[in-house]
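Asker: Residue 4 is where the sequence shown starts when you use my numbering, and the numbers rise one by one after that. Note that CB positions come from ideal geometry on N, CA and C, so glycine has one too. What follows is a single structure, and I will ask about it in a moment.
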Amino acid sequence: MLSRGGLPEVPCPGCDRRVVGLAWGDLCPECHARRAKRANRLANRISLAATLLMGLYVAFRMPTDPMARIYGAVAVLATYIIVRRIASRVAMETMK
Ligand SMILES: [Zn+2]
4 MLSRGGLPEV PCPGCDRRVV GLAWGDLCPE CHARRAKRAN RLANRISLAA TLLMGLYVAF
64 RMPTDPMARI YGAVAVLATY IIVRRIASRV AMETMK
């Protein structure tokens, strides 16, 4: 069925509500926001666990040289940011 603007009403795969202007297979804004919230919460937990492991590795395995400590701290920060981004994207793509 076409709406007044000529765009087809496409059902959302999450809630089966018909939304004007939605592409086939895309979620409606409410389902997308709900999935993003869940994905962010999951990504936060995964990245904190990875950061904890990296922090333990840096604390116990890196030399006590101050320069090595600085690089270790940068590595811990980079681990958090990178793992969070990857986990968030993977969760958004794979979550039901
Ligand atoms: Zn929906």
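For GLU33, write down the residues that DSSP places opposite it in a beta bridge.
Answerer: Within the sequence shown, the letter at position 30 stands for residue 33. DSSP, once it has assigned bridges, lists no residue as partnering GLU33.
Asker: Say yes only if the C-beta of GLY17 is nearer than 6 Å to one or more non-hydrogen atoms of ligand 1, and no if none qualify.
Answerer: Your numbering for residue 17 matches position 14 in the sequence shown. Yes, ligand 1 has a heavy atom inside 6 Å of this Cβ.
Asker: Within the chosen definition, does the stretch 32-42 reach the stretch 79-99 through at least 3 CB pairs nearer than 8 Å?
Answerer: Yes: the two stretches touch, three or more of their Cβ pairs being nearer than 8 Å.
Asker: Just curious, the beta strand (DSSP E) that ARG92 is in, first and last residue?
Answerer: Working through the sequence shown from its first residue, we reach residue 92 at position 89. Not the beta strand (DSSP E): ARG92 falls in the alpha helix (DSSP H), residues 69-97.
Asker: Closer than 8 Å is the cut-off here; do at least three beta carbon pairs connect the stretch 74-86 with the stretch 52-65?
Answerer: Verdict: yes, contact present.
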